[in-house]
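Engineer: Heads up, my numbering is the position in the sequence shown plus 344, with the first residue counted as 1.
Attaching a single structure in C-alpha cells format; questions to follow.
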Amino acid sequence: MLESLIGLVVLVAIAGYLAFRNGVNANLDFKYATPPKVPTPKVEEVDLSKMTKAQIEVWARDNLDLELDRRRTKAAMIEEVENTFRK
C-alpha cells in the first residue's frame with residue numbers, strides 16, 4: 345500500500361514537471377518576440393496662439409486627453425501642450 349502511494353506521488357510529480365516545463369517555457373520565449381506597435385495619434389497642426397484659453401483647454405482635452413488649468417496664463421498652457429509632444 346505504501347509503495348503504491350509513493351509510486352503515485354512520484355508519477356504525479358514527474359507529470360507535473362513535464363507539464364510545467366512544456367507549458368510555461370513555450371510562453372516564456374521572449375527572445376524572438378516583437379513588441380506591439382503603438383499607433384501614434386494623428387493630430388492636425390493648429391496655431392495655439394490664435395486660440396483663446398478656453399479653446400486651448402477644449403482642444404487639449406479632445407485631442408491629447410490632457411486636462412489643463414484655465415487659471416494659468418495662456419503661454420503656460422501652450423507650453424504644457426508643447427511639452428506633451430516633446431515626451
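Glycine included, each C-beta is placed from N, C-alpha and C at the ideal position.
Given that a residue counts as buried once 16 or more other Cβ atoms are within 10 Å of its Cβ, and exposed if not, what is Leu-355?
Structural biologist: It is exposed - the Cβ of Leu-355 has fewer than 16 other Cβ atoms within 10 Å.
Engineer: Checking 8 Å against the spacing of the C-beta atoms, do Leu-410 and Thr-428 come in under that value?
Structural biologist: A contact, by the Cβ cut-off of 8 Å.
Engineer: In whole angstroms, what is the alpha-carbon distance linking Phe-364 and Lys-381?
Structural biologist: Whole-angstrom Cα-Cα distance: 30 Å.
Engineer: Within its chain, find whatever has a CB closer than 6 Å to the CB of Lys-418; leave out the 5 residues flanking it on each side and keep chain order.
Structural biologist: These residues qualify, in order along the chain: Lys-397.
Engineer: Just curious, the alpha helix (DSSP H) that Met-421 is in, first and last residue?
Structural biologist: Looking at the DSSP string, the run of the alpha helix (DSSP H) that includes Met-421 is 418 to 430.
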